[in-house]
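The next block holds one structure in the form of C-alpha cells; read it before the comments.
Protein chains: 2
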Amino acid sequence: MATGRTHRPATRSRGIPEATVARLPLYLRALTALSERSVPTVSSEELAAAAGVNSAKLRKDFSYLGSYGTRGVGYDVEYLVYQISRELGLTQDWPVVIVGIGNLGAALANYGGFASRGFRVAALIDADPAMAGKPVAGIPVQHTDDLEKIIEDNGVSIGVIATPAGAAQQVCDRLVAAGVTSILNFAPTVLSVPDGVDVRKVDLSIELQILAFHEQRKAGEEAHPDGTGPAAVTRESDASADQGPDGDVPAVMPA
Amino acid sequence: MATGRTHRPATRSRGIPEATVARLPLYLRALTALSERSVPTVSSEELAAAAGVNSAKLRKDFSYLGSYGTRGVGYDVEYLVYQISRELGLTQDWPVVIVGIGNLGAALANYGGFASRGFRVAALIDADPAMAGKPVAGIPVQHTDDLEKIIEDNGVSIGVIATPAGAAQQVCDRLVAAGVTSILNFAPTVLSVPDGVDVRKVDLSIELQILAFHEQRKAGEEAHPDGTGPAAVTRESDASADQGPDGDVPAVMPA
DNA sequence: GTGTGTGAATGTCTTCACAGCT
DNA sequence: AGCTGTGAAGACATTCACACAC
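Those protein sequence lines, which keep their order, are chains A and B. Read in order, the letters of the first sequence are residues 1 to 255 in this note's numbering. Read in order, the letters of the second sequence are residues 256 to 510 in this note's numbering.
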C-alpha cells in the first residue's frame, strides 16, 4: 500500500528537502513572469514576495541548489529559470496520458499550462466506447482497451487518473504494469502501488474540509479575543463530548 | 502548501496541529466506507492501512481530539465519524460559491463530493454574459455583477475561484469585500488577502512538476540494484485527497 | 551600503516504545 | 492478551542573525 517503508536511511547530502522541491515550481512561475517582463535581476526579497513566501526560506531553498546569486545584487532571472527548470527535470519533454475524460479530464486536457512546462498530453483515454474518436482539446479520445499500447508507444512515464473512484485502482494497476512510474491521482481513493512508483493526490473535498475547519474556528473564536479558544479538549470523558461553541445537533452525516 | 492563514500569531497552544487537520478528512473517508459496510469497530492498525498512513501517526492524531478509543478493542466507527465531522465543522451546512464556470468550474459544480460532506453549491458565477441563466449541474449561472448580492443573500463564507489567472485577484478582492473569509484557489496565481482570510491553493502544474522531479531522479539513479537508490516515494503532500465511496470525481487545475 | 549564503536556534511533525486500561 | 494513549527521541522544516562578497 501507499504508506510505508519503515526504513528510509539518512538523506545523503545530495538530496534536496521535499519541502523545498514543492516550492521550486512556485519560484519558477514567479521567475517566468519576471522573465516575460524582461526583468534582468531580482532580490530574494522581491522574488519571495512574488511567490508568497518569506525571503529567508527562499534563500535557504536556493542554497540547496547551489550559489546562484550575487551578493549585494540578487539573482539573474534567466539563469535561475534555467537552473530550477533543470533541477525539476523540465528541460526535457514529459509525455503524459490522462485517463478518464469526464468533466474533469476534459478540463485537464484543455489546461494550457502543460506545454509551457515541459509536459505534453500524449493521449486521452476513456472507458466509454461512445467517447472513442471524439476530439477533446484537439486530441482524439482513445479507448481503455489500448491503454498498454499507448503507454508503450509513447514512452509515457507519468499518468493522470481522473476517473471515478471505483475505477481508479484498476486503471492505476494497468498504468503501472505498462511502465508508468509517476501518477497524479484525482480520484478520491487511496491507491496502492508497488515500491518505486510515485503517487500524488489532489482532492477538492479535502481542501474544502480543511477550510471548513478553520472557518468554524474563526466563528467560534470571535468571542475570545484573549486567545483562550473554545473549550479545551475533552480528555478522558468520552461520554459528554462537546466543545464547539454552537452546540451542533448530532446525527452522523450521510454519505 | 496552502496558507494555513497568512500569519498565525504565536498564541496557538490549544490547537490541533495543522498536519493533523489535513489528515482528518482522510480518516473520515475511510471511516465512512467502514460505516457503510456496517463495521462496528476498527483498530488503529486497520484504519491506518485504509487511510494510507501509519498507525502511530493515526493514534497521535486522534489523541489531539480526545480519548475516543477503547484500549484492547479499538475505535467505535460511528462515534469517530461523528467526532471527526464535528471537529472539522461538517455537522453544519456550508454554502459555497464557485466563480469561473469554464471547464474546471463546471467539473467542480458537478462534483458529487460536495453535498455528502456538508458543502452546498449556493451559486455559480461567471463573467461571460452569454453564460448567464444557463444551467450547469442543475444550477443556473449568474453574472459577476451580482457577486456581492449573492454572497450576502446566501451567507456564503467559502468561495472557490476557478477563473483564469488574470481575473483571480480581482475576484478574490470582491469576494473578501463581500464577506468571504475562506478561499479555495485554482488559478495559478498568488492571491493576496487581508489578515484573517484563509486561502488554500490547488495547482495541477505544480503537482506535475514535483512528479517530474522525482521521475528524473529515478531515471538518473537506476544504476543502484542494491537498494541504495532513490527513496520509494508515495507522496502524500499537503494538498491531498479524500472523498466518498463511489464515483465522485474531484477536480482541480489552474489555467 | 546591499543582499546573499549559512550555521545556529527554534519550532513542528513523525516515530518509537511502553505504561496502563479493558 | 490486546490495543490505545502518550512522553521522549529523533527527523525535518523554518526562522534568525550576521559574516562575507560585491
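Backbone N, C-alpha and C define an ideal beta-carbon position, used for all residues, glycine too.
Open item on the list: For a test of the three-state rule: what should DSSP assign to A/Lys-201, helix, strand or coil?
Closed with: By 1-based counting over the first sequence, the position of residue 201 of chain A is 201. In the structure shown, A/Lys-201 sits in a strand (DSSP, three-state: E or B).
TODO: State the CB to CB distance for the pair B/Pro-443 and A/Gly-113, rounded to an integer number of angstroms; the pair is presumed to be in contact (CB under 8 angstroms).
DONE: The sequence position of residue 443 of chain B within the second sequence is 188, counting from 1. The sequence position of residue 113 of chain A within the first sequence is 113, counting from 1. Their Cβ separation, rounded to whole angstroms, is 6 angstroms, which keeps B/Pro-443 and A/Gly-113 in contact under 8 angstroms.
Open item on the list: Pop quiz: B/Ile-356 and B/Val-396 are said to be a contact at Cβ under 8 angstroms. What is the actual Cβ separation, rounded to whole angstroms?
Closed with: To locate residue 356 of chain B, count along the second sequence from 1; it is residue 101. To locate residue 396 of chain B, count along the second sequence from 1; it is residue 141. Confirmed, about 5 angstroms.
- [ ] Report back the beta-carbon spacing between B/Arg-314 and B/Trp-349 to the nearest angstrom; my notes put them in contact at under 8 angstroms.
- [x] Taking the second sequence and counting its residues from 1, the one referred to as residue 314 of chain B is at position 59. Taking the second sequence and counting its residues from 1, the one referred to as residue 349 of chain B is at position 94. At roughly 29 angstroms, the Cβ-Cβ gap does not stay under 8 angstroms, so B/Arg-314 and B/Trp-349 are not in contact.
Task: Interface residues of the stretch 114–148 of chain A facing chain B [CB-CB below 8 angstroms] - done: Phe-114, Arg-117, Gly-118 and Phe-119
- [ ] Compute the beta-carbon to beta-carbon distance between B/Gly-373 and B/Leu-335, rounded to the nearest angstrom, for a pair I have assumed lies under 8 angstroms.
- [x] To locate residue 373 of chain B, count along the second sequence from 1; it is residue 118. To locate residue 335 of chain B, count along the second sequence from 1; it is residue 80. The Cβ separation is near 17 angstroms, so there is no contact.
TODO: Examine chain A for any beta-carbon lying closer than 7 angstroms to the beta-carbon of B/Leu-466, and answer yes or no.
DONE: For the purposes of this step, residue 466 of chain B is identified with residue 211 of the second sequence, where counting begins at 1. Cβ-Cβ to chain A under 7 angstroms: yes for B/Leu-466.
TODO: Could you confirm whether any beta carbon from chain B is found closer than 7 angstroms to the beta carbon of A/Ile-206?
DONE: Locating residue 206 of chain A in the first sequence gives position 206, counting from the first residue. Closer than 7 angstroms: yes.
Open item on the list: Need the endpoints of the beta strand (DSSP E) that B/Val-415 sits in, please.
Closed with: For this step, residue 415 of chain B is matched to residue 160 along the second sequence. Unbroken beta strand (DSSP E) run through B/Val-415: 413–416.
Task: Closer than 7 angstroms at the beta carbon, the chain B residues around A/Ser-157 - done: Indexing the first sequence from 1 puts residue 157 of chain A at position 157. In chain order: Glu-470.
- [ ] May I ask which residues mark the beginning and end of the beta strand (DSSP E) holding B/Tyr-323?
- [x] Reading the second sequence from its first residue, position 68 is the one you call residue 323 of chain B. Segment: none, B/Tyr-323 is in no beta strand (DSSP E) and carries neither H nor E.
Task: Minimum Cβ-Cβ distance from B/Gly-355 to chain A less than 7 angstroms - done: As a working mapping, residue 355 of chain B is identified with position 100 in the second sequence. No, its Cβ sits nowhere closer than 7 angstroms to a Cβ of chain A.
Task: Neighbour flag for B/Asp-453 against chain A, beta carbons, 7 angstroms - done: Taking the second sequence and counting its residues from 1, one reaches residue 453 of chain B at position 198. Chain A, which has a Cβ nearer than 7 angstroms to the Cβ of B/Asp-453, makes this yes.
TODO: Would you mind giving the Cβ-Cβ distance between A/Ala-49 and A/Leu-26, rounded to the nearest angstrom? I have them listed as a contact below 8 angstroms.
DONE: To locate residue 49 of chain A, count along the first sequence from 1; it is residue 49. To locate residue 26 of chain A, count along the first sequence from 1; it is residue 26. That belief does not hold up - the Cβ atoms of A/Ala-49 and A/Leu-26 are roughly 12 angstroms apart, past 8 angstroms.
Open item on the list: Can you check whether the C-beta of A/Asn-110 is within less than 7 angstroms of a C-beta belonging to chain B?
Closed with: Residue numbering aside, residue 110 of chain A sits at position 110 when the first sequence is read from its first letter. A/Asn-110 counts as touching chain B.
Task: Cross-chain neighbours of B/Gly-344 in chain A, by beta carbon under 7 angstroms - done: Locating residue 344 of chain B in the second sequence gives position 89, counting from the first residue. Result: Ala-212, Phe-213, Glu-215 and Gln-216.
- [ ] Within the same chain, show all residues whose beta-carbon is closer than 7 angstroms to that of B/Val-297, passing over the 5 residues directly before and after it, in chain order.
- [x] For the purposes of this step, residue 297 of chain B is taken as residue 42 along the second sequence, with counting starting at 1. Contacts found: Leu-289, Gly-329, Tyr-330 and Val-332.
Open item on the list: From the DSSP secondary-structure annotation, give me the bridge partner or partners of B/Ala-540.
Closed with: This structure gives no information on residue 540 of chain B, because the portion of chain B shown stretches from 256 to 510.
TODO: Using a Cβ cut-off of 9 angstroms, pull out every chain B residue sitting near A/Pro-40, in sequence order please.
DONE: As a working mapping, residue 40 of chain A is identified with position 40 in the first sequence. Correct list: empty, because the minimum Cβ distance to chain B is about 22 angstroms.
Open item on the list: Distance check for B/Glu-462 and A/Arg-200, CA to CA, integer angstroms please.
Closed with: Taking the first residue of the first sequence as 1, we reach residue 200 of chain A at position 200. Taking the first residue of the second sequence as 1, we reach residue 462 of chain B at position 207. For A/Arg-200 and B/Glu-462, the distance between alpha carbons rounds to 7 angstroms.
- [ ] Ignore the nearest five residues each way along the sequence and tell me which others in A/Leu-104's own chain have a CB closer than 7 angstroms to its CB.
- [x] Mapped onto the first sequence, residue 104 of chain A falls at position 104. Here the set comprises Ala-162 and Phe-186.
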